[in-house]
Structure formats: structure tokens, C-alpha cells
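Top line first, the protein sequences correspond to chains A and B.
Using the working numbering, you'd call the opening residue of the first sequence number 286 and step up by one each time.
Using the working numbering, you'd call the opening residue of the second sequence number 2 and step up by one each time.
Read the structure below first, then the notes.
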Amino acid sequence: MALQSNVPAGELSEKWTQYRSSMPLVAPNNKRQLEVIVVGTGLAGGAAAATLGELGYKVKVFTFHDSPRRAHSIAAQGGINAAKNYQNDGDSVYRLFYDTIKGGDYRSREANVHRLAEVSTNIIDQAVAQGVPFAREYGGLLANRSFGGVQVSRTFYARGQTGQQLLLGAYQSLSRQISLGNVQLFNRHEMVDVVIQDGKARGIIARNLLTGKIERHAAHAVVLGTGGYGNVFYLSTNAMNCNVSAAWNAVKRGAYMANPCFTQIHPTCIPVSGEYQSKLTLMSESLRNDGRVWAPKSKEDARLIREGKKTGRELREEERDYFLERRYPAFGNLVPRDVASRAAKVVCDEGHGVSPTGLAVYLDFADAIQRYGKSRASTLNEHNASEARIRELGTAVVAEKYGNLFEMYEKITGENPYVMPMKIYPAVHYTMGGLWVDYNLQTNIPGLFATGEANFSDHGANRLGASALMQGLADGYFVLPYTIGTFLANEIRTPKIDPNGSAFLEAEAQVNERISRLMSIQGNQSVESFHRRLGHYVWDYCGMSRSAEGLAKGRQLIRELRDEFYRDVFVPGRADEYNPELEKAMRVADFLELGELMMVDANNREESCGGHFREEYQTEDGEALRRDDEFAYVAAWEWNDTEPILHKEELVFENVELKTRSYK
Amino acid sequence: MGAAAGAGKVFESQERSTKIIVTMGSENMKLTLKIWRQNNTNAKGRFETYTLDTVNEHMSFLEMLDVLNEQIISSKGEPVAFEHDCREGICGTCSLMINGYPHGPQQGTTTCQLHMRHFKSGDTITIEPWRSAAFPVVKDLVVNRDAFDRIIQAGGYVSVNTGQAQDGNAIAVEKEIANTAMDAATCIGCGACVAACPNASAMLFTAAKVSHLALLPQGEVESPQRAQRMIEQHDAEGFGRCTNITACEAECPKEISVEHIARLNREYLAASIGAVR
Ligand code: SF4
Ligand code: FES
């Protein structure tokens with residue numbers, strides 16, 4: 286089946302406006318008859334549910350959390366991009382569009398990305414109106430900062446808790462719709478299947494996590510805003526309960542998974558400290574505005590530091606290698622994430638790493654503290670300020686900008702980052718791949734939509750910092766609520782969907798079977814231990830660098846692990862009660878299949894682009910070698926347990942010229 | 002502060018000991034854990050005692066519990082249920098009463114951010130759920146905090162629809178005001194304030210939202226009504242009255258100030274006397 290992107294005709298910059306004004310509308314009285322299920326209450330799901338409620342649809346919203354406010358969007362630290370050009374530094378919708386396409390290494394769809402850049406400005410307005418307390422300048426106007434991969438300052442932020450504040454904004458709007466009766470909330474409910482009836486998505490099967498009861502819920506359309514699949518790596522910066530299951534249920538019912546191998550390894554995370562570790566913690570990319578990344582020039586120094594006989598602070602300027610500034614003078618510490626991560630891996634692989642495991646480099650604020658200290662002293666007319674005073678003033682400025690991040694670092698590592706340079710290492714953070722969707726955010730299954738990180742559409746092979754919040758809210762507030770009308774306008778004569786139809790009963794029976802299979806194995810190994818092993822395989826063979834040989838091996842190992850899982854996993858407790866181990870088992874079962882598909886996808890993509898680095902395809906100086914003539918397509922996979930089937934959507938670039946990405 | 006402070010419900014305890022041996026790491030700590038186990042909301046709870054021989058000081062508190070659970074599972078037992086998600090102090094899911102302190106002894110820290118280096122070998126650690134009539138126990142250490150959602154639904158928002166906003170810079174907001182609003186807005190909805198309060202009042206949580214929105218021009222308009230509706234809901238949920246004990250502030254992991262309660266009271270008063278602000 287050829288994939289139809291359904292991108293409207295016309296000038297790139299006019300497409301969305303024209304399309305929006307010619308889209309079929311659903312009349313208010315009809316909206317009240319149409320039911321929509323939204324799964325997930327993060328930025329993409331929560332914002333969509335709230336807005337659909339405001340528009341008059343009957344909405345049911347599902348979250349496996351105890352409250353919609355716990356969704357993982359809450360953990361995003363740094364900020365949200367918008368082409369407001371408040372700083373008058375030459376920003377524009379086109380520039381944000383271009384930066385995103387280029388940052389994504391030319392593997393995303395032009396029209397989607399342009400629309401994203403267009404609505405970015407509405408998001409800021411909306412959030413301010415909701416009472417999101419963005420950072421402000423002394424004059425009372427909104428403040429901005431810079432993020433990686435761009436040369437303008439377009440990132441809006443609320444301390445290091447931007448995701449939290451934006452999510453609470455969406456949560457509050459959603460709460461208002463709940464209180465008005467437009468949205469019905471099902472918390473502690475996990476979607477365990479999607480129901481397809483006559484070729485259209487008509488509902489879901491959900492498990493009530495408190496009672497274990499399996500429920501059938503019907504609607505005219507289903508929206509998945511269920512986030513990314515980074516936890517396939519076991520260790521990631523994702524919250525512990527993030528999972529792929531909702532999207533994977535859809536894949537098992539025929540939806541295509543696009544570019545699953547495009548995963549983002551974030552350069553600045555707190556390094557792994559031991560086997561017991563359950564998750565990794567990100568240090569916001571905003572830190573790279575002021576922090577300088579380096580490793581010891583000599584391997585001898587690195588060894589002494591690893592053995593605790595020396596500290597980074599003792600190395601003189603000329604003994605340090607500011608490797609990002611050296612390799613990429615134009616962007617320096619602000620190169621995109623994939624580039625920064627790989628560079629850190631290279632220096633560590635060469636033996637310059639600084640933590641006991643050898644897997645860490647420094648992120649140093651000493652210079653920033655000096656610079657801010659001097660500038661503050663001169664503002665305060667303290668022209669003869671002492672070294673100590675300058676440090677004090679500088680530390681205060683850094684604390685105001687990044688205080689909570691520094692505190693978090695200290696809590697986890699027990700080291701004071703104002704004095705000792707932070708140690709950082711790349712970790713899995715975000716997944717660009719996801720359910721294939723067309724311009725309307727509709728999957729290849731009519732009536733099934735995907736928003737935010739759950740879809741693949743906007744970030745290509747690498748996402749720029751502060752763009753995840755932008756995409757989640759763009760999809761949720763400003764795109765999906767309107768594009769879903771293209772489907773629902775044809776459904777106004779469809780009566781209420783009956784949750785007792787045969788498709789529902791069958792799906793429910795299959796879910797029950799899946800659950801009893803897991804419960805009846807009663808093997809000897811914990812769910813966690815399988816997840817941990819899966820994570821190792823995916824990291825080793827489908828992590829920061831990949832090769833045909835490794836990917837084949839990885840696939841084989843995952844296959845074997847899956848067999849072992851179904852032979853020997855132990856799930857305690859009962860199915861008809863609150864049972865977090867069963868929840869985990871169901872998620873790990875899905876990750877085992879997804880992990881395999883990632884290997885297949887990475888093996889198929891014989892080029893290096895963005896976060897996908899194939900060892901066989903690199904330039905002489907170790908940069909990614911993209912192969913546009915053969916691989917400028919979206920790889921959308923149809924699941925098949927023997928051999929997944931590839932469907933290609935060729936990417937057409939009419940407005941930007943495909944160039945080798947250079948940040949030098 | 003009493004470990005069983007709360008809405009006056011009496012929890013009976015009955016002790017039983019299970020020996021758990023963990024083998025890992027080098028600098029091991031030996032701990033005795035007294036953990037509240039309760040099968041479901043209506044079941045009677047009890048403390049069970051576990052000994053962990055090998056805990057590493059770099060572990061987080063929840064990783065220590067992971068190790069315990071792995072061991073319980075390996076002997077085919079039922080793991081201790083506790084809630085967590087982000088494990089970085091922002092989602093508000095984790096909720097443990099540790100040695101009588103909500104989120105443990107470290108100031109300004111959630112349970113998930115607490116690390117074992119703050120304990121020493123030989124310690125006995127008591128772990129309980131939040132105790133409050135408005136937060137019924139779901140299982141073991143997990144409680145139901147839906148009441149918080151309903152308080153927000155009662156009015157914790159600005160009544161604006163998507164697409165109705167004017168330009169973000171149309172109204173300037175004083176930096177200091179925005180900062181104070183942000184201080185209040187950092188509440189993570191964890192419920193430690195309730196667990197800490199002898200009256201089991203949720204006034205700090207409620208005030209944090211009222212104050213955040215009252216401070217900003219966008220939220221000020223409907224502020225008195227918001228305060229009134231949220232307080233009514235607060236009371237209807239069975240949370241206790243605030244009598245200015247301020248234990249909430251001391252235990253709040255986000256260090257939300259009780260000054261916000263004062264602002265809430267002003268808004269509430271404005272609503273009850275129908276004052277035009
Ligand atoms: S006020 Fe503090 S203790 Fe209470 S819910 Fe908010 S963050 Fe938790
Ligand atoms: S687990 Fe999220 S705040 Fe503790």
C-alpha cells in the first residue's frame with residue numbers, strides 16, 4: 286500500500302492557513318453526538334482532550350497515572366521554542382522551520398514542520414493566558430534563552446521546570462473541561478488494545494489498574510498521545526512507567542511504526558553509577574548555554590582522575606580539551622544533541638573519560654561564573670571587586686538561572702557543581718520514531734490518530750532541544766482538534782458506537798488471553814530482570830553507533846530473550862487486583878517486540894543521519910554520512926512476527942535544499 | 002511529629018519478620034526496614050520487618066526498595082507496592098512516610114531524590130503510606146489522591162479556551178511577581194503537606210494554586226470565586242481545617258511557603274464579603 290501523506294497543495298507558507306479554512310467542519314449540534322477517546326494526558330493528549338472538550342465533542346480521556354498531572358511531559362526542563370522574534374535577533378517562522386528540518390537531518394516532512402513553526406507562536410500566547418509563569422525580564426516581558434543547533438534565542442522557559450508548568454496549564458484546562466462535564470476522566474486505566482471495527486478505530490480495551498477489571502470503551506475516533514518508547518533501553522531519562530504499549534497495540538492491529546530506530550541520545554545526563562540503577566537523570570540542555578564541555582587532553586590525567594588521584598579542577602587550561610569547541614567552532618557547545626553525544630562517546634572510547642567507569646566528560650561552569658560575576662560587579666559599580674566577591678556574584682547569577690538543576694545534581698551525586706565541574710554522559714532521552722501519521726495526524730488506520738512523541742512526524746532523525754514541548758502542544762491544542770474534523774465530518778450519521786459489538790468482545794477476549802498467559806508462566810525470573818537485559822541489548826547494538834553485524838546479533842538475542850520471557854517470567858499476585866508487576870510484564874512483552882523492530886529498521890537504513898549512526902557510513906573525519914539518493918524516505922513498518930514489512934514514504938523537499946549538515 | 006498523624010484513624014500493627022539477603026556492591030550497609038503492608042483499602046494493615054544486608058550508599062531510596070522487591074520476588078513473595086514514576090522529584094507520584102517524615106528527613110527533597118548516603122549501616126527505617134482519611138490506602142504504601150484532582154477541577158484554572166489568547170507580551174508582568182507565582186506553581190501535588198499536618202489539612206496544596214493564579218493578571222479576574230470553590234471542595238473531601246501549625250511548609254519537598262495560605266485567606270475573604278478588588 287502506498288502511503289498517502291495527504292499534504293495539501295499550495296505554497297509551503299500558505300498550506301496550513303488555506304487548508305484550515307477549507308477543512309470540513311462539524312456543526313456544534315453534531316459535535317455533541319460524536320465521541321472521541323484520548324489516551325494519555327501529557328502535553329499532546331491532555332491539550333487535545335481539553336481542546337476537543339472546548340469544541341463540544343464528547344471526550345473520554347484515559348491515563349494509567351493516578352492523576353493527569355503526572356504525565357512525563359512534566360519532567361521536561363529546559364524550555365519551549367517559538368518563532369516570536371521577541372529578541373529581534375532575526376528569528377522567523379521560516380527560520381524555525383529550517384532549523385528543525387536541518388536539525389532533523391532532512392528526514393522529516395516539510396509541510397508538517399512548517400505548520401509546527403507557524404503555530405509555535407500561538408502556544409506561547411495560550412500558555413501565558415492560562416497563567417503559565419514563564420521567566421520574565423526586569424521590564425516585565427517574556428525572557429528567552431538559546432538551545433542547541435540554532436543561532437537565535439527563541440526558547441521560553443519557567444526556571445528549569447518548563448514542562449511542569451506547561452503540563453499544569455494543560456492539566457488545568459483539562460480539569461475545567463472535566464468539571465464542565467465535557468470530558469470524562471478515567472485515571473488509573475491503561476489502554477491494552479485498540480478496537481477496529483469495519484476498518485475504523487472505534488474504541489479501546491482498558492484495564493482498570495485498581496481492580497484489574499477489563500473494560501470496553503467505544504467512540505467514533507481514538508487519539509493516542511501516549512509518548513515515546515525510550516524505556517525500551519531500560520535505562521533512560523524517561524519516567525519509570527513510560528511505555529510503548531498503547532502505540533504497540535495499534536501496531537499489532539495494523540498501524541505502521543515509522544523510523545523506530547531514530548532515537549535520541551541526550552548528551553548531558555548524570556552518568557551511570559551502578560548495576561542497581563533504575564533510571565538516568567537529564568541535566569537540561571540549557572546548561573550548554575553557559576557550561577563548557579571538556580575532557581583531559583592526556584590519557585594519563587584522565588586515568589588519575591578516574592582513580593580519584595586528581596580532580597578536574599586541578600587541570601590547567603592547556604591541559605583541557607574543549608572538544609566541542611575544537612571540532613565545531615561555529616556552534617561550539619551548542620551543537621545539536623546527536624553531534625554532542627557522539628563527540629563525547631568518541632573521547633571516552635579513546636580513553637579520556639573521567640568517571641570510574643570511564644564514561645563521563647565534564648560540563649564546567651567556572652568560566653560562566655567568572656563572566657557573570659564580572660558583569661554583575663560592574664552593574665553594581667563594584668569596580669574593584671575581589672576574586673571571591675566576583676565568584677560570589679557569579680555563583681548567584683548561575684544559581685538564579687540553573688539553581689534547581691544544580692541542586693538536583695548535588696542530591697544525586699553528592700558533589701557540589703558550583704565548585705567541581707559536573708560529570709555528564711549521553712543517555713537515551715527521546716524517540717523521534719513513532720506511529721506513522723499523515724498531515725492530519727491520522728495513522729494508516731482510519732479514525733486512529735497519534736499526537737506528540739507518539740507519532741513520528743516532525744523531528745526527522747534528530748530533535749532539537751525545546752522542540753518536544755512545542756510539538757506536543759502544537760499537536761494537542763492547534764492541529765489535531767481541527768484535523769480530526771476531516772474524519773469526523775463523515776461520521777455525523779454514525780450512531781453511538783456499541784461497546785458490546787463483536788469486535789469489542791473479541792478484543793477483550795484476546796486481552797484476557799494475553800493476561801492469563803503471562804500469569805500462568807510462573808517462572809523464575811522477575812519482569813525487571815528481563816527488561817534490564819533487553820535494555821543492554823538495545824543499547825549495545827542499537828545505541829550510539831550501529832553496524833549490520835551488531836544489529837543482526839541484537840535481533841537474534843532479543844528473539845531468544847523473548848522466548849525465555851514467555852518460558853520463565855514470574856508475575857506475582859493476581860490479575861483481578863492492583864498488580865504493578867503485571868502492568869510491567871505487559872509493557873515489557875511489547876518492548877521485546879519493538880526492540881526487534883528497531884534492529885530491523887536500523888539495519889535497513891544503510892546511512893548515517895541524526896541519531897542513527899551506522900559505523901559503515903561515516904566520512905573520513907568521523908561525521909555522519911547521509912545517503913539522500915537512497916534513503917530520503919520514511920520507513921513505515923507493518924508488523925509481522927516473521928519479517929516486518931517495509932512501506933516507504935518518499936520525502937519530497939521543495940523548499941529546502943538537502944545539504945550536509947555542518948556545525949563547523 | 003507522630004508517624005500515624007492523620008485523620009484520627011487507628012492503625013493496628015502486627016509484626017512479622019522476613020529475612021532478605023542481597024548480594025551486591027562493596028561498601029554495604031545493613032538496614033532493618035519496618036514496612037506497612039496492607040492488601041487493599043478495606044484490609045487491616047500491619048508492619049512487616051525486613052533486613053537488607055547490602056545496600057549501597059549511592060542508591061536512591063527507591064532503588065533500595067527495588068532491591069528489596071527483587072529479593073521478595075525471587076522468593077516468590079508479593080513485592081511491596083509503592084508509587085513512583087519520574088524519580089527526579091517533579092511528577093509528585095512518590096509518597097512515603099519515612100521514619101515519621103513525609104518524603105524522609107532531608108529538607109526540600111522528594112522520596113525519589115533521597116539517597117542512601119543519608120542513612121547509616123545499622124539503621125532501622127520505618128516506611129508508611131500517607132495517613133489521611135481523604136487519601137485512602139490502595140495497597141501497602143500506595144494511597145488514592147484523587148481528591149487533589151477534584152480540588153483543581155473545582156476552580157484551579159483560568160477560564161480561557163484554546164485560541165482565545167492575546168499576544169504573550171501584551172501584558173507585562175513584574176519579574177518579582179512572576180517569580181513569586183512560579184514559587185507557588187512549583188507544587189507537585191504530592192500530598193506531603195497533608196501527611197505532615199496533624200489536622201490532615203490540604204491548605205498548602207490548595208493555597209499554592211490559588212496564590213499562583215491570583216498573582217498573575219491572567220488569573221486575578223476570577224480569583225475570589227476560585228478560592229471559594231476550591232476551599233469548599235477541600236472541605237467536602239474531608240481534609241481538615243488549617244490551624245496555622247505550619248508543619249506542611251517544613252515538610253513540603255518544594256518548600257512552598259505558608260505565606261500562600263495567607264494570600265488564599267485574603268482571596269477567600271474577598272469572596273465571602275463580595276468585595277470588588
Ligand atoms: S504543597 Fe508541597 S507538600 Fe503539598 S502537595 Fe504541593 S508540593 Fe506536595
Ligand atoms: S517519583 Fe516523581 S516526584 Fe518522586
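Ideal Cβ positions, reconstructed from N, Cα and C, are used throughout, including at glycine.
Quantities reported herein were computed from a predicted structural model and do not represent experimental measurements.
Beta-carbon proximity of residue i to residue j, cut-off 8 angstroms
i: leucine 803 of chain A; j: threonine 447 of chain A; result: no
i: tyrosine 561 of chain A; j: valine 68 of chain B; result: yes
i: methionine 204 of chain B; j: methionine 117 of chain B; result: no
i: alanine 186 of chain B; j: proline 418 of chain A; result: yes
i: leucine 836 of chain A; j: methionine 871 of chain A; result: no
i: isoleucine 74 of chain B; j: phenylalanine 855 of chain A; result: yes
i: glycine 425 of chain A; j: valine 174 of chain B; result: yes
i: alanine 420 of chain A; j: alanine 402 of chain A; result: no
i: valine 271 of chain A; j: lysine 708 of chain A; result: The structure shown has nothing for residue 271 of chain A, since chain A only spans 286 to 949.
i: alanine 197 of chain B; j: glutamate 252 of chain B; result: yes
i: leucine 63 of chain B; j: serine 405 of chain A; result: no
i: leucine 749 of chain A; j: glycine 433 of chain A; result: yes
i: leucine 931 of chain A; j: tryptophan 922 of chain A; result: yes
i: arginine 591 of chain A; j: proline 641 of chain A; result: yes
i: valine 321 of chain A; j: alanine 506 of chain A; result: yes
i: arginine 501 of chain A; j: proline 784 of chain A; result: yes
i: alanine 531 of chain A; j: cysteine 87 of chain B; result: no
i: threonine 440 of chain A; j: glycine 363 of chain A; result: yes
beta-carbon residue i near ligand 1 non-hydrogen atom, thresh 7 angstroms
i: leucine 205 of chain B; result: yes
i: isoleucine 257 of chain B; result: yes
i: cysteine 249 of chain B; result: yes
i: proline 254 of chain B; result: yes
i: cysteine 95 of chain B; result: no
i: alanine 135 of chain B; result: no
i: cysteine 1 of chain B; result: This structure does not reach residue 1 of chain B, given that chain B is present from 2 up to 278, and the question cannot be answered.
Where residue i meets chain B, residues with beta-carbon distance less than 7 angstroms
i: glutamate 866 of chain A; result: Pro80
i: aspartate 376 of chain A; result: What aspartate 376 of chain A touches in chain B: nothing, since even the nearest Cβ is about 14 angstroms away.
Cβ-based burial, residue i [other Cβ within 10 Å; buried from 16]
i: tyrosine 423 of chain A; result: exposed
i: glutamine 219 of chain B; result: buried
i: arginine 778 of chain A; result: exposed
i: valine 704 of chain A; result: exposed
i: glycine 331 of chain A; result: buried
i: glutamate 13 of chain B; result: At glutamate 13 of chain B, the pLDDT of 31 sits below 50, so the modelled position is not reliable; the number obtained from the coordinates is stated separately. Per the 10 Å Cβ criterion, exposed.
i: threonine 904 of chain A; result: exposed
i: isoleucine 22 of chain B; result: Because the pLDDT at isoleucine 22 of chain B is just 30, under 50, the model does not fix this residue reliably, and the value given afterwards should be weighed accordingly. Exposed: under 16 other Cβ atoms inside 10 Å.
i: serine 27 of chain B; result: The predicted position of serine 27 of chain B is uncertain, since its pLDDT is 48 and thus under 50; a value taken from the coordinates is nonetheless stated next. That one is exposed.
i: isoleucine 274 of chain B; result: exposed
i: leucine 648 of chain A; result: buried
i: phenylalanine 938 of chain A; result: exposed
i: arginine 847 of chain A; result: buried
Chain C residues whose Cβ lies nearer than 9 angstroms to that of residue i
i: threonine 716 of chain A; result: Judged by its chain identifiers, the structure shown contains no chain C, and its protein chains are A and B.
Residue i beta carbon near ligand 2 (any heavy atom closer than 7 angstroms)
i: aspartate 575 of chain A; result: no
i: glycine 190 of chain B; result: no
i: aspartate 86 of chain B; result: yes
Residue i: contacting residues in chain A (beta-carbon distance under 8 angstroms)
i: glutamine 219 of chain B; result: Val413, Ala414, Gln415, Gly416
i: valine 195 of chain B; result: Simply none; closest approach about 14 angstroms.
i: phenylalanine 149 of chain B; result: Ser352
Proximal residues of chain A, C-beta to C-beta of residue i below 9 angstroms
i: arginine 118 of chain B; result: Gly699
i: leucine 32 of chain B; result: Result: empty, since nearest Cβ-Cβ is about 14 angstroms, beyond 9 angstroms.
Partner residues on chain A for residue i, Cβ-Cβ distance less than 7 angstroms
i: aspartate 236 of chain B; result: The contacting residues do not exist; aspartate 236 of chain B stays about 17 angstroms from chain A at best.
Proximal chain B residues relative to residue i, where beta-carbon distance stays under 9 angstroms
i: phenylalanine 855 of chain A; result: Ile74, Ser75, Lys77
Where residue i meets chain B, residues with beta-carbon distance less than 8 angstroms
i: glutamine 562 of chain A; result: Glu64
i: glycine 466 of chain A; result: Neighbours of glycine 466 of chain A on chain B: none; closest Cβ ~11 angstroms, over 8 angstroms.
Q. Using 8 angstroms as the threshold, is the segment 699-718 of chain A in touch with the segment 547-554 of chain A, meaning 3 or more CB pairs across them?
A. Because the criterion of three Cβ pairs below 8 angstroms is met, the segment 699-718 of chain A and the segment 547-554 of chain A touch.
Q. Are the segment 474-493 of chain A and the segment 515-522 of chain A touching by the rule of at least three beta carbon pairs closer than 8 angstroms?
A. No, they do not touch.
Q: Flag this pair as touching only if the segment 644-653 of chain A and the segment 47-63 of chain B have three or more C-beta atom pairs under 8 angstroms; answer yes or no.
A: Segments in contact, no.
**Q.** Cβ contact check for the segment 665-682 of chain A and the segment 600-613 of chain A: 3 or more pairs under 8 angstroms
**A.** Touching, no.
**Q.** Given 8 angstroms, three or more beta-carbon pairs between the segment 407-418 of chain A and the segment 158-172 of chain B
**A.** Under the Cβ criterion (8 angstroms, minimum of three pairs), the segment 407-418 of chain A counts as touching the segment 158-172 of chain B.
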